[in-house]
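So the protein sequences, as listed, match chains A and B.
According to UniProt numbering, the first sequence holds residues 1 to 663 in order.
According to UniProt numbering, the second sequence holds residues 1 to 663 in order.
2 protein chains.
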Amino acid sequence: MTTTATTLKGQPLDRNVLDSMLRRRMFYTPSFEIYGGVSGLYDYGPPGCALQANIVDIWRKHFILEEDMLEVDCSVLTPHEVLKTSGHVDKFADWMCKDPKNGEILRADHFVEDVLETRLRGDKEARGEKIEEKEEADAKKKKKKTKGQAAVKLDDDVVKEYESILAQIDNYNGEQLGDLIKKYDMRNAATGLQPSPPVSFNLMFQTSIGPSSNLAGYLRPETAQGQFLNFAKLLEFNTGSMPFASASVGKSYRNEISPRAGLLRVREFLMAEIEHFVDPEGNKKHHRFHEVEDIELALLDRHTQLSGLTTVKHVPIGKAVSEGIVDNETLGYFLARIHLFLKRIGVDQTKIRFRQHMANEMAHYAADCWDAELLTSYGWVECVGCADRSAYDLSVHSQKTGVPLIVRERLDEPKIIQEWEVDIEKKKFGPFFKKDGKTVEAAVLATTQEQREKFAKDLEANGKMVIDVPGVADGKVEVGQDLLKIEYRTRTENVREYTPNVIEPSFGIGRILYSLMEHNYWTRSSDGGDEARAVLSFPPSVAPTKVLIVPLSSNKDFAPFIRKLSQKLRTVGISSRIDDSSATIGKRYSRNDELGTPFGITIDFQTIKDGSVTLRERDSTRQVRAGEDEIVAAIKSLVDHSKSWADIESELPIFEGQELEIR
Amino acid sequence: MTTTATTLKGQPLDRNVLDSMLRRRMFYTPSFEIYGGVSGLYDYGPPGCALQANIVDIWRKHFILEEDMLEVDCSVLTPHEVLKTSGHVDKFADWMCKDPKNGEILRADHFVEDVLETRLRGDKEARGEKIEEKEEADAKKKKKKTKGQAAVKLDDDVVKEYESILAQIDNYNGEQLGDLIKKYDMRNAATGLQPSPPVSFNLMFQTSIGPSSNLAGYLRPETAQGQFLNFAKLLEFNTGSMPFASASVGKSYRNEISPRAGLLRVREFLMAEIEHFVDPEGNKKHHRFHEVEDIELALLDRHTQLSGLTTVKHVPIGKAVSEGIVDNETLGYFLARIHLFLKRIGVDQTKIRFRQHMANEMAHYAADCWDAELLTSYGWVECVGCADRSAYDLSVHSQKTGVPLIVRERLDEPKIIQEWEVDIEKKKFGPFFKKDGKTVEAAVLATTQEQREKFAKDLEANGKMVIDVPGVADGKVEVGQDLLKIEYRTRTENVREYTPNVIEPSFGIGRILYSLMEHNYWTRSSDGGDEARAVLSFPPSVAPTKVLIVPLSSNKDFAPFIRKLSQKLRTVGISSRIDDSSATIGKRYSRNDELGTPFGITIDFQTIKDGSVTLRERDSTRQVRAGEDEIVAAIKSLVDHSKSWADIESELPIFEGQELEIR
């Protein structure tokens, strides 16, 4: 499962170099680092925080505004009963095993993966095959764990078995993982022992609400439940009309067993979730599907994975739905919209695929599910889930609380219904059966149309009927015609009631953010020949800061120009930062390329004479020079993507004066 | 402490009517309501969510962008050790008492307040004084609790005592509250018994992090700690220059003892906090203080409150600082900026005051603190705190972790320092004292300049010195001249090191949001004479939705005009909603006034002929009519507050055609 990661320009990507740059520039930093840190918890510094805000802002425009979704902001603290009903208390868990000697806690699927990958690497080595750079680096890191694992050649069949297991690693439950560990005698390298059989570990953080500690609660594992519980109110807010979607952006929590993989597996994370409520009748059509049907997606379906492969098919979403690869139009519509969103924020188009969940892997509520996965140095990473949760959540909450979570739809043509109906004579029925009254009544009301027809005949013929009621008397109960009536009647229904199904696109903002940083990262060698310089080529709309203002020196005459320029940029809604430090202009631009700022403005002595400034573009390092207002207008059109840098170069004079210094 | 609340137009405010409207329109709703709800937890529906987003957006522009603050996003989950060091584990608590019979848990200060207010009301009644409407309503609600409390006349002295206690209710600790309960024989109305003496209840939600349950953690009670822990990195990000501020917007948690008061006392809430780091030398001057010094604030200082009064002084902030009412310029600067922010989002200027904390009331870390309080139907509500936390937090975290959280400032002129210095002969010292080595060394290094001078003489005279070291030998330790040297030396310092002080403006977004809804609420009587209609007169920049598009009917010919208009509005960044329901135009506008939407556009048959539409202003219900583009431009200028409605009326033709129907 290892891959050779590359930068935006196809260079080999050295994750350690990138990571140390990201931390140095405070895109992120381990939380509580001066206290030694807590694994799986990270803080975003100013550029990371701005990047996150921009991604969320574009997400809101792309989804909520574009489709008039109803945004809500619900509580993170959630009482036990809600998550018991939703199934999370019982089923939201990972498989965990323990080393019997040193007590180390291992996530079972990760452990199996590690062991098999190590063996496959050893096999390659023994066969004298070239091990790719990345694999080698990984192997080095794992040396401590895999010491004593020599380069052992495996049988060809065994290699195939291992590869097949790895291709469907997400498909195994705890017992199956335990069986694999035994069958292939997998041992924890630290102790040389097989870990204990996997047990389930619930991933929710628990707490208690209120002073008397009697109300158990959890931190929500997803934002979805709050949206479901508000369904009836949201439907009313939407003046009763269907379909509609709610949406929510907020933090969720998962108590990961042993988080590694940096920003990709964290215990606290920002989610953006949409719950699109749709009528289950009519094949879940979507009225805007025609707008997206030609968009081609890279699909990895369930069958391909089960056959042990990871080959992607490039298919227009229209075709994928009509051929049944993707279940329905609404699901397909959102897959395409997710694709467009990822493209818009600057995800590398060659590093996206949509992978269908396998049966065992799906969340307990899902009817079908596709993940948008992004390729990073950690391999393919699930960044967006798009699940068809069917009517599961609304049904269970409604059953538990007795509150109807349904849509009542006025029928265009009333529906004529003919059927056998039962009328209980309440006044006599209850007193007659006494304590068994409710049980017998329930049994009568649960009868099928066929049974009712037969009972009606019995009543007419004998004045009584005999019904099976387990647990009452000898299980047979006689009911006389004075206690109930059964009649065949015709009635007209003007309203149809149904529980909507839910299509749920669910975005892990932190994972998208990290992948985006990898996808936009590359290095360029400087003219001077010293070490390669890092660049983060974010699209202007996503970049944390849009413009860096760089005065040539700390000369006081530049101050009014700096102030005026940053004021003008602020007025057109563009964020800028000033770097008037004493570093050379080249160094300052270089620092800024690392921060991903797309544009730089230099203020020099010519500015004082004629008000002109130079504008530098990050990726090409080319420059134009013009008056302040022209430059501000140029930046505005670049940031809202209405013009490209080539357009600007054709409109404004190229500036080459200081190129060497500024590159 | 009760007050007669009024609407924006000075009408008496009926909170029950407002509340039911806010819930009906889904500004907010109790979380998990279909499960019976959990007190102190609320969800925001679409308009509440949009209102919150707009307040936060303006906050970011007003503070973060305007002053180049460094925004960070830190973990909510916080390990025990961090909050132990910050003092929250020991001191972040309220006083709680218990009814000995029914086990009811009471917050001690609220209990004392309730009992005294009830008695004062009884006294007024006995004296035949008029009880204000609001008080009466409150009394009715509390009837169950206060049953058996007759209208008893109190001595004039007792009335004064009670009023004085209420004026400084926040100033008492648990023991003092317990004394008051005994002294005035306060009893829980439900049982007729005195509650138990107050005990401290920590307000943090606890959880454990990781699978082995061994890392205790809490949900953060404030965003501040994450900012402090990142101080060194933030300073470096700011290229070492001071002063600077960090900022953070995020949820915090407090496990309130028995939350009432709706959105004002909740267990999960959005905070926006600024930590402004400033050099403690030089009186905490602020370089932009001159921009705000003439702004007049309503101040209620500590002395006034201690004398049992609540009289506000209207003072320009410049004068307040120069007279020492407010401690320093930086604190004063932020009080003025907070005032401007509250004004900008539409808080009623007559319902703001800044109240200084009393000594006992201040958080454990604060050196001085002022709250911006807003007047609501619940009385004065603390919405923004502005504390001088001194160097407290940075110092304790630095001490605990050994990581320096300081500023190193290059001195313009090197500083010449002459002093006695101690050099320990490490190689001999340790072996000589063995296990006591570190203790003796610490004692030697802790000596004062005077002591060192004396020891230096002893060493010279006798070749040894005798120093007090409690716990080692008999408490007197002899140190020979081979083990250390003490010399008077001159050295030059080029760098000054100091721990910055922190000024912290801390905003409770939810409380501001609720107060804003009360402040902008009023009712107008309709022409038809039926019941009063609610209006929420939010400023356009804050309003959840800016424009309602209302087609005259569901006629299909209107559809392309609706689509084009909403597209044009979206292009200029203005959110709109369409109401094409079958309700009358009047009803639709009325619904919309309740949602606080400032502008409405009607599309009618004239639109199909000439493309013109009418624009309605919410507060005046007056209308103008013009072409689509002119109307869109007008709305844009109204939303960014560059034009007033009066400007628009003078530029575009007034429309009076359908006024009756539309009012």
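Positions of the beta carbon are idealized from the N, C-alpha and C atoms, including for glycine.
- Less than 9 Å separates the beta-carbon of Val-249 (chain A) from that of Glu-71 (chain A).
- With fewer than 16 neighbouring CB atoms inside 10 Å of its own CB, Lys-435 (chain A) falls in the exposed class.
- Distance from the CA of Ala-446 (chain B) to the CA of Trp-420 (chain B), rounded to the nearest whole angstrom, comes to 12 Å.
- Here His-339 (chain B) is buried. Its C-beta has 16 or more other C-beta atoms within 10 Å.
- Secondary structure within the segment 526-606 of chain A: the alpha helix (DSSP H) runs of 4 or more consecutive residues, fully enclosed, are 559-571 and 585-595 (chain order).
- By the CB criterion at 9 Å, Ile-209 (chain B) and Asn-520 (chain A) fall outside the cutoff.
- Beta-bridge partners assigned by DSSP to Ala-247 (chain A): A:Glu-71 and A:Ile-274.
- Nearest CB-CB separation between Val-403 (chain A) and chain B: below the 9 Å threshold.
- Under DSSP, Leu-215 (chain A) shares a beta bridge with A:Ile-209.
- Using a CB distance cut-off of 9 Å, His-397 (chain A) counts as an interface residue toward chain B.
- Looking only at A:Ile-295, A:Val-347 and A:Phe-354, the smallest Cα-Cα distance to Val-312 (chain A) is reached by A:Phe-354.
- In the DSSP annotation of this structure, the continuous segment of the beta strand (DSSP E) that includes His-314 (chain B) starts and ends at 313-316.
- Judged by DSSP secondary structure, Phe-341 (chain B) falls within the alpha helix (DSSP H) whose first and last residues are 329-345.
- Chain-ordered, the chain B residues with CB closer than 7 Å to the CB of Tyr-35 (chain A) read Pro-79, Glu-81, Val-82 and Thr-401.
- Scanning B:Gly-48, B:Arg-25 and B:Leu-615 for the CA closest to the CA of Gly-510 (chain B) turns up B:Gly-48.
- Arg-220 (chain A) carries a coil assignment under DSSP once its states are collapsed to helix, strand and coil.
- Contact residues of the segment 230-247 of chain B toward chain A are Asn-230, Lys-233, Phe-237 and Thr-239 (C-beta to C-beta distance below 7 Å).
- One thing to note: Val-17 (chain B) has its Cβ no nearer than 9 Å to the Cβ of Met-96 (chain B).
- With respect to Glu-296 (chain B), Pro-316 (chain B) sits close: the two C-beta atoms are nearer than 9 Å.
- Excluding the 5 residues flanking it on each side, Leu-22 (chain B) has same chain C-beta neighbours closer than 7 Å at Tyr-28 and Met-517, in chain order.
- No Cβ-Cβ contact shorter than 9 Å links Pro-470 (chain A) with Ser-258 (chain B).
- Around the beta carbon of Asp-604 (chain A), a 10 Å sphere encloses 16 or more other beta carbons of the protein chains shown; the residue is thus reported as buried.
- DSSP places Ile-169 (chain B) in no beta strand (DSSP E); its state is neither H nor E.
- At a cut-off of 9 Å between beta-carbon atoms, Val-440 (chain A) makes no contact with chain B.
- At a cut-off of 9 Å between beta carbons, Tyr-514 (chain B) makes no contact with chain A.
- C-alpha of Ser-576 (chain B) to C-alpha of Lys-564 (chain B): approximately 12 Å in a straight line.
- Of all C-beta pairs linking the segment 105-120 of chain B to the segment 156-167 of chain B, three or more are shorter than 8 Å, placing the two stretches in contact.
- For Gln-623 (chain A), no Cβ of chain B is located within less than 9 Å of the residue's own Cβ.
- The alpha helix (DSSP H) runs of length 4 or more contained entirely in the segment 401-471 of chain B are, from start to end of the chain, 426-433, 437-445 and 449-462.
- Within chain B, Glu-71 have C-beta atoms less than 8 Å from the C-beta of Ala-50 (chain A), given in sequence order.
- Three or more pairs of CB atoms, one per stretch, sit closer than 8 Å, so the segment 405-425 of chain B contacts the segment 486-498 of chain B.
- No Cβ of chain B is located within less than 9 Å of the beta carbon of Cys-369 (chain A).
- Inter-residue distance for Asn-171 (chain B) and Leu-331 (chain B) is about 22 Å (C-alpha atoms, whole angstroms).
- The shortest C-alpha to C-alpha distance from Thr-492 (chain A) to any of A:Ile-416, A:Phe-538 and A:Asp-474 is the one to A:Ile-416.
- Counting along the chain, Asn-501 (chain A) sits inside the beta strand (DSSP E) bounded by residues 501-508.
- Residue state for Ile-325 (chain B) is assigned as coil, using DSSP reduced to three classes.
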